[in-house]
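Undergrad: Chains as they are written, first to last, in the working numbering: chain A, 467 to 807; chain B, 467 to 807. The beta-carbon is built from N, C-alpha and C at its ideal position, and this holds for glycine as well. Shown below is the structure under consideration.
Number of protein chains: 2
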Amino acid sequence: MVVAKRPTIYDVAERAGVSKSLVSLVLRDSPRVSEEKREAVLAAVADLNYTPSRLAAGLAGTRTRSVGVVIDDFSNLWFVEALAGLRSELAAGGYTLSVADSSLNAHLGLDPIEAFRALRVDGLVLAGEASADAVTRSGVPAVVLGVRALSAELPELPVIDSDETAGGHLAVQHLASLGHRRIACVSGPGASAGQRERGYAEAMRELGLEPSIARAPDTGEAAAREVARELLAAGSRGAAGRSGSNPTAVFAVNDPMATGVIGAARELGLAVPGDLSVVGYDDSPLAAYGLVSLTTISGDPRELGEAAGRALVARLEGDASRIESRSFTPRLVQRGSAAEV
Amino acid sequence: MVVAKRPTIYDVAERAGVSKSLVSLVLRDSPRVSEEKREAVLAAVADLNYTPSRLAAGLAGTRTRSVGVVIDDFSNLWFVEALAGLRSELAAGGYTLSVADSSLNAHLGLDPIEAFRALRVDGLVLAGEASADAVTRSGVPAVVLGVRALSAELPELPVIDSDETAGGHLAVQHLASLGHRRIACVSGPGASAGQRERGYAEAMRELGLEPSIARAPDTGEAAAREVARELLAAGSRGAAGRSGSNPTAVFAVNDPMATGVIGAARELGLAVPGDLSVVGYDDSPLAAYGLVSLTTISGDPRELGEAAGRALVARLEGDASRIESRSFTPRLVQRGSAAEV
DNA sequence: TTGTAGGCGTTATCAG
DNA sequence: CTGATAACGCCTACAA
Numbered sequence: 467m468v469v470a471k472r473p474t475i476y477d478v479a480e481r482a483g484v485s486k487s488l489v490s491l492v493l494r495d496s497p498r499v500s501e502e503k504r505e506a507v508l509a510a511v512a513d514l515n516y517t518p519s520r521l522a523a524g525l526a527g528t529r530t531r532s533v534g535v536v537i538d539d540f541s542n543l544w545f546v547e548a549l550a551g552l553r554s555e556l557a558a559g560g561y562t563l564s565v566a567d568s569s570l571n572a573h574l575g576l577d578p579i580e581a582f583r584a585l586r587v588d589g590l591v592l593a594g595e596a597s598a599d600a601v602t603r604s605g606v607p608a609v610v611l612g613v614r615a616l617s618a619e620l621p622e623l624p625v626i627d628s629d630e631t632a633g634g635h636l637a638v639q640h641l642a643s644l645g646h647r648r649i650a651c652v653s654g655p656g657a658s659a660g661q662r663e664r665g666y667a668e669a670m671r672e673l674g675l676e677p678s679i680a681r682a683p684d685t686g687e688a689a690a691r692e693v694a695r696e697l698l699a700a701g702s703r704g705a706a707g708r709s710g711s712n713p714t715a716v717f718a719v720n721d722p723m724a725t726g727v728i729g730a731a732r733e734l735g736l737a738v739p740g741d742l743s744v745v746g747y748d749d750s751p752l753a754a755y756g757l758v759s760l761t762t763i764s765g766d767p768r769e770l771g772e773a774a775g776r777a778l779v780a781r782l783e784g785d786a787s788r789i790e791s792r793s794f795t796p797r798l799v800q801r802g803s804a805a806e807v
Numbered sequence: 467m468v469v470a471k472r473p474t475i476y477d478v479a480e481r482a483g484v485s486k487s488l489v490s491l492v493l494r495d496s497p498r499v500s501e502e503k504r505e506a507v508l509a510a511v512a513d514l515n516y517t518p519s520r521l522a523a524g525l526a527g528t529r530t531r532s533v534g535v536v537i538d539d540f541s542n543l544w545f546v547e548a549l550a551g552l553r554s555e556l557a558a559g560g561y562t563l564s565v566a567d568s569s570l571n572a573h574l575g576l577d578p579i580e581a582f583r584a585l586r587v588d589g590l591v592l593a594g595e596a597s598a599d600a601v602t603r604s605g606v607p608a609v610v611l612g613v614r615a616l617s618a619e620l621p622e623l624p625v626i627d628s629d630e631t632a633g634g635h636l637a638v639q640h641l642a643s644l645g646h647r648r649i650a651c652v653s654g655p656g657a658s659a660g661q662r663e664r665g666y667a668e669a670m671r672e673l674g675l676e677p678s679i680a681r682a683p684d685t686g687e688a689a690a691r692e693v694a695r696e697l698l699a700a701g702s703r704g705a706a707g708r709s710g711s712n713p714t715a716v717f718a719v720n721d722p723m724a725t726g727v728i729g730a731a732r733e734l735g736l737a738v739p740g741d742l743s744v745v746g747y748d749d750s751p752l753a754a755y756g757l758v759s760l761t762t763i764s765g766d767p768r769e770l771g772e773a774a775g776r777a778l779v780a781r782l783e784g785d786a787s788r789i790e791s792r793s794f795t796p797r798l799v800q801r802g803s804a805a806e807v
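Spelled out as structure tokens, the structure:
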């Protein structure tokens with residue numbers, strides 16, 4: 467095999483017997499080219515195994531048709547779903563997207579915003595921690611997806627998010643409607659947990675009930691299990707005796723934590739949902755497992771991603787009108803972990 | 467704020483009172499620049515809020531210092547971990563990486579390999595389905611990470627993977643060492659499942675035991691639960707009566723499936739590990755949950771990612787020696803789902 | 001160490 | 001629809 471140089475647009479033009487300009491037009495499928503020429507060009511492209519250089523195109527053109535997405539944690543399924551929604555909308559708008567995991571890159575000392583700027587992206591989606599300063603300095607159109615904390619620092623950016631406080635309300639209302647009155651909340655650090663926890667507290671007070679919040683040191687299953695063990699055993703006299711002040715239901719701010727609570731309950735010999743009802747948050751795949759069967763709150767991340775994508779595309783396509791921020795209301799997904807008291 | 471044009475290397479040079487060449491040298495931190503000049507340049511860069519264009523750099527230079535990673539399924543934690551390992555090694559080599567989800571892009575009709583070629587990446591990591599044809603045509607140095615199936619079509623590429631057949635052996639050996647003899651396997655479609663299943667079958671025969679494989683239509687929790695229900699109830703006379711031909715242990719080819727098996731067991735009133743021992747595969751976070759406490763096989767994806775990264779960097783840095791393929795041996799992670807018979 | 005010239009592969013513009 | 005030509009921002013010699 468000959469180690470030929472990469473074919474360029476010139477080679478394609480020559481082979482197809484047309485001008486370089488025409489090739490460029492065909493590649494960007496302009497409507498004003500004859501079918502005949504178009505096919506000739508396409509054939510030449512195939513023959514030469516030609517792939518246009520996005521580097522050159524980006525350099526020469528007025529934009530790159532690419533957007534950067536800053537994500538916090540790849541291992542969080544929420545982001546993955548949101549990403550899928552984003553991608554589908556951005557693709558529809560003709561944009562390519564590249565992702566950066568902020569926690570990972572921070573570890574490597576590289577600011578993702580800076581990296582995207584070097585790539586000359588046309589737009590930015592902020593779905594993870596990001597230096598507000600870097601964002602404004604970059605001067606690139608951006609939307610915030612999900613992360614409330616960020617929008618506080620960047621009030622001028624549109625925010626697409628899920629109303630997590632409403633989600634907390636939802637959980638409490640469901641539990642209360644099942645007759646529960648001693649409803650505890652197992653929470654943890656972080657903005658999301660905070661919102662959900664706040665919704666819980668508000669809803670409890672509205673119902674005239676006393677909020678009772680147990681905060682774990684992190685938002686993982688193990689930490690929640692630890693905290694729940696204490697919460698559920700408190701005031702009990704032996705394995706079988708629980709005092710009348712123990713909660714009959716708990717709202718955990720995410721599904722792994724809810725699973726931890728169920729685990730603790732089982733350890734203590736409590737049946738779920740017989741002796742204890744549990745509601746989680748996020749509707750992760752885990753929640754649908756037979757072993758867990760978790761009633762939970764779903765925020766539909768994919769829908770959020772799509773909305774963010776549409777918003778950004780509109781902005782990028784020159785729609786000068788200001789993008790509306792938008793907050794989606796989560797819904798309850800009933801499974802088997804919550805029952806009447 | 468003035469809407470100034472993006473600063474270029476020329477602007478930086480002028481502001482720092484040096485030549486454009488010198489700026490270029492400083493940016494790529496060449497050793498042959500005086501400390502004085504270097505600082506002047508850096509100051510100018512900061513003043514102007516300058517970020518060099520990777521587009522221009524890539525176009526002008528002989529390489530882009532970027533590599534493309536083709537991934538199958540972002541929601542699979544395995545990839546996430548492998549990606550982290552990859553990134554750390556590639557970053558150490560001065561490479562940037564961009565990822566593409568092959569299933570997602572396929573859905574959009576865009577070949578990820580083609581996309582990477584358009585970006586002029588220097589190398590490729592194949593950790594998901596990819597058109598073998600597109601890969602060879604691209605002529606870009608590549609390594610295969612994990613995906614055995616691919617390496618069959620692209621025998622000339624080095625493969626870094628986990629020996630999943632050995633993993634299957636490991637599971638059986640552990641169970642057998644606990645005294646189990648009727649060990650079933652709950653498997654599913656796909657190359658990985660196939661390897662694990664094969665290891666299981668081989669190990670069983672080596673021990674003089676009869677393999678018994680139940681294949682679910684997909685590799686999810688629900689499908690496994692369904693299959694396990696039948697497997698465990700077969701030959702039983704009522705909920706409590708199991709015949710002597712029922713398995714006392716099962717090896718599931720991944721953790722969600724193992725969780726499904728445990729779920730089915732519980733439904734049938736069987737205690738785990740009292741009445742049934744279960745071993746999973748992958749050591750997903752789920753496996754460590756109190757509710758599950760799964761004994762499982764771990765392949766250490768991060769280690770694989772690092773190895774792949776190192777291999778690719780070596781290749782890219784001109785190390786003409788052929789890269790060795792490498793297969794890592796998984797290990798057993800003991801938790802609470804397997805006990806003596 | 002610095003400066004200069006040429007080129008990388010496209011897009012954009014405009015006159016044919 | 002065609003051709004020609006000028007950017008685009010940087011790298012890579014090579015010469016000073």
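How many Å lie between A730 (chain B) and V693 (chain B) at the Cα?
TA: Looking up residue 730 (chain B) in the second sequence gives position 264. Looking up residue 693 (chain B) in the second sequence gives position 227. Cα to Cα, the separation comes out at about 9 Å.
Undergrad: Of all the CB atoms in chain B, is at least one closer than 8 Å to the CB of E580 (chain A)?
TA: As a working mapping, residue 580 (chain A) is identified with position 114 in the first sequence. Yes - at least one Cβ of chain B is within 8 Å of the one on E580 (chain A).
Undergrad: So, helix, strand or coil for R647 (chain B), using DSSP?
TA: The residue you call residue 647 (chain B) lines up with position 181 of the second sequence. In the structure shown, R647 (chain B) sits in coil (DSSP, three-state: anything other than H, G, I, E or B).
Undergrad: Please report how far the alpha carbon of Y735 (chain B) lies from the alpha carbon of P722 (chain A), in whole angstroms.
TA: Residue 735 (chain B) sits at position 269 when you count from the first residue of the second sequence. Residue 722 (chain A) sits at position 256 when you count from the first residue of the first sequence. Position check: residue 735 (chain B) holds Gly in this sequence, whereas Tyr was assumed. G735 (chain B) and P722 (chain A): Cα-Cα distance of roughly 25 Å.
Undergrad: Within its chain, find whatever has a CB closer than 6 Å to the CB of V507 (chain A); leave out the 5 residues flanking it on each side and keep chain order.
TA: As a first step, residue 507 (chain A) must be located in the first sequence, where it is residue number 41. For V507 (chain A), where only same-chain residues beyond five positions count, the Cβ hits under 6 Å are A482, V489, V492.
Undergrad: So with Cβ pairs under 8 Å, would you call N515 (chain A) a contact of chain B?
TA: Reading the first sequence from its first residue, position 49 is the one you call residue 515 (chain A). Yes, N515 (chain A) counts as interfacial toward chain B.
Undergrad: Taking the alpha carbon of Y747 (chain B) as the reference point, which residue from B:G654, B:R504, B:G559, B:D538 has its own alpha carbon closest?
TA: Here residue 747 (chain B) is taken as the residue at index 281 of the second sequence, counted from 1. Here the closest residue by C-alpha is B:G654.
Undergrad: Can you pull the chain B residues whose beta carbon is under 9 Å from the beta carbon of E687 (chain A), in chain order?
TA: Within the first sequence, residue 687 (chain A) is the residue found at index 221, counting from 1. Those within 9 Å of E687 (chain A) in chain B are P751, L752, A754, Y755, G756, L757.
Undergrad: Closest Cβ-Cβ distance between V799 (chain A) and chain B: below 8 Å?
TA: Mapped onto the first sequence, residue 799 (chain A) falls at position 333. It does not; no Cβ of chain B falls within 8 Å.
Undergrad: Is G634 (chain B) near the ligand ATP, going by C-beta to nearest heavy atom under 7 Å?
TA: Of the ligands one can find in the structure shown there are none, so the ligand ATP has no counterpart to examine.
Undergrad: Give a yes or no on whether the minimum CB-CB distance between V511 (chain A) and chain B is below 8 Å.
TA: Taking the first sequence and counting its residues from 1, one reaches residue 511 (chain A) at position 45. Not one chain B Cβ lies under 8 Å of V511 (chain A).
Undergrad: V799 (chain B) lies in the beta strand (DSSP E); which residues open and close that run?
TA: Within the second sequence, numbered from 1, the residue matching residue 799 (chain B) stands at position 333. Its beta strand (DSSP E) spans residues 797 to 799.
Undergrad: Could you compute how far the alpha carbon of D539 (chain A) sits from the alpha carbon of S569 (chain A)?
TA: In the first sequence, counting from the first residue as 1, residue 539 (chain A) sits at position 73. In the first sequence, counting from the first residue as 1, residue 569 (chain A) sits at position 103. Looking at the two C-alpha atoms, the distance is approximately 7 Å.
Undergrad: Could I get the ranges of all uninterrupted beta strand (DSSP E) runs contained in the region 579 to 658 of chain A, with 3 residues as the minimum, in chain order?
TA: Segments of the beta strand (DSSP E) lying fully in the region 579 to 658 of chain A: 589 to 593, 608 to 611, 625 to 628, 649 to 653.
Undergrad: Let's test the definition: count the other Cβ atoms within 10 Å of the Cβ of P497 (chain A) and tell me whether it reaches 16, buried, or not, exposed.
TA: If you number the first sequence from 1, residue 497 (chain A) lands on position 31. Exposed, by the Cβ-count rule.
Undergrad: Which one of A:A548, A:S604, A:V536, A:P677 has the shortest CA to CA distance from D627 (chain A)?
TA: Walking along the first sequence from the start, residue 627 (chain A) turns up at place 161. It is A:A548.
Undergrad: Going by DSSP in three states, D567 (chain B) sits in which element: helix, strand or coil?
TA: Here residue 567 (chain B) is taken as the residue at index 101 of the second sequence, counted from 1. Residue state, collapsed to three classes: strand.
Undergrad: Can you tell me the Cα-Cα spacing of A632 (chain B) and T562 (chain B), whole angstroms?
TA: Stepping through the second sequence from its first residue, residue 632 (chain B) is reached at position 166. Stepping through the second sequence from its first residue, residue 562 (chain B) is reached at position 96. Whole-angstrom Cα-Cα distance: 34 Å.
Undergrad: Please decide whether A593 (chain B) counts as near chain A, where near means a Cβ-Cβ distance under 8 Å.
TA: Looking up residue 593 (chain B) in the second sequence gives position 127. Cβ-Cβ to chain A under 8 Å: no for A593 (chain B).
Undergrad: Leaving out the 5 sequence neighbours to the left and right, which residues in its chain are closer than 7 Å to A699 (chain B) when beta-carbon positions are compared?
TA: Taking the second sequence and counting its residues from 1, one reaches residue 699 (chain B) at position 233. If we look at A699 (chain B) and ignore the five residues flanking it on each side, its Cβ neighbours are L734.
Undergrad: Whole angstroms is fine: what's the gap from L585 (chain A)'s alpha carbon to R603 (chain B)'s?
TA: Taking the first sequence and counting its residues from 1, the one referred to as residue 585 (chain A) is at position 119. Taking the second sequence and counting its residues from 1, the one referred to as residue 603 (chain B) is at position 137. Rounded to whole angstroms, L585 (chain A) to R603 (chain B) spans 26 Å at the Cα level.
Undergrad: What number of angstroms, rounded off, separates the C-alpha of V716 (chain A) from the C-alpha of E676 (chain A)?
TA: What you label residue 716 (chain A) is simply residue 250 of the first sequence in a count that begins at 1. What you label residue 676 (chain A) is simply residue 210 of the first sequence in a count that begins at 1. Approximately 13 Å, taken between the alpha carbons.
Undergrad: May I have the straight-line CA-CA distance separating E783 (chain A) from V533 (chain B), to the nearest angstrom?
TA: Your numbering for residue 783 (chain A) matches position 317 in the first sequence. Your numbering for residue 533 (chain B) matches position 67 in the second sequence. The alpha-carbon atoms of E783 (chain A) and V533 (chain B) are separated by roughly 30 Å.
Undergrad: List, in chain order, every chain A residue whose beta-carbon is nearer than 7 Å to that of R603 (chain B).
TA: As a working mapping, residue 603 (chain B) is identified with position 137 in the second sequence. Within 7 Å Cβ-Cβ: N515.
Undergrad: Taking Cβ-Cβ distances shorter than 7 Å, what residues in chain B pair up with R662 (chain A)?
TA: Position 196 of the first sequence, counted from the first residue, corresponds to residue 662 (chain A). Under the 7 Å cutoff, chain B gives no residues; its nearest Cβ is about 20 Å from R662 (chain A).
Undergrad: Closer than 8 Å, CB to CB, is A780 (chain B) near chain A or not?
TA: Residue 780 (chain B) sits at position 314 when you count from the first residue of the second sequence. Chain A, which has no Cβ nearer than 8 Å to the Cβ of A780 (chain B), makes this no.
Undergrad: Per DSSP, what kind of secondary structure is E547 (chain B) in: helix, strand or coil?
TA: To locate residue 547 (chain B), count along the second sequence from 1; it is residue 81. E547 (chain B): helix per DSSP, three-state reduction.
Undergrad: For P683 (chain A), would you say it is in contact with chain B, using Cβ-to-Cβ distances shorter than 8 Å as the test?
TA: The sequence position of residue 683 (chain A) within the first sequence is 217, counting from 1. No - not a single Cβ of chain B is within 8 Å of the one on P683 (chain A).
Undergrad: From the DSSP output, in three-state form, read off R781 (chain B) for me.
TA: Sequence index remark: in the second sequence, residue 781 (chain B) carries index 315 (1-based). The answer is helix: DSSP assigns R781 (chain B) an H, G or I state.
Undergrad: For P796 (chain B) and S764 (chain B), which I take to be in contact (beta-carbon distance under 8 Å), what is that distance rounded to the nearest angstrom?
TA: What you label residue 796 (chain B) is simply residue 330 of the second sequence in a count that begins at 1. What you label residue 764 (chain B) is simply residue 298 of the second sequence in a count that begins at 1. At roughly 6 Å, the Cβ-Cβ gap stays under 8 Å, so P796 (chain B) and S764 (chain B) are in contact.
Undergrad: Could you tell me if A558 (chain B) is buried or exposed, where buried requires 16 or more neighbouring beta carbons within 10 angstroms of its beta carbon?
TA: Taking the second sequence and counting its residues from 1, one reaches residue 558 (chain B) at position 92. With fewer than 16 other Cβ atoms within 10 Å, it is exposed.
Undergrad: For S541 (chain B), which residues in chain A fall below 7 Å Cβ to Cβ?
TA: Residue mapping note: residue 541 (chain B) aligns to position 75 of the second sequence, counting from 1. L543, V546, listed in chain order.
Undergrad: Leaving aside the five residues before and after E619 (chain A) along the sequence, list all residues of the same chain whose C-beta is less than 6 Å from its C-beta, in chain order.
TA: Within the first sequence, numbered from 1, the residue matching residue 619 (chain A) stands at position 153. Cβ neighbours of E619 (chain A) beyond the five flanking positions: A598.
Undergrad: Does G704 (chain B) get closer than 8 Å to chain A when you measure Cβ to Cβ?
TA: Along the second sequence, read from residue 1 onward, the residue named residue 704 (chain B) stands at position 238. In this predicted model, G704 (chain B) has a pLDDT of only 45, less than 50, meaning its place in the structure is not dependable enough to derive any value.
Undergrad: Taking DSSP as the reference, what is the three-state secondary structure of I789 (chain B)?
TA: Numbered from 1 along the second sequence, position 323 holds the residue referred to as residue 789 (chain B). Looking at I789 (chain B) - three-state DSSP - the assignment turns out to be coil, as it is neither helix nor strand.
Undergrad: Compare the C-beta of T725 (chain B) with all C-beta atoms of chain A and state if any pair is closer than 8 Å.
TA: Along the second sequence, one-based indexing puts residue 725 (chain B) at 259. Closer than 8 Å: yes.
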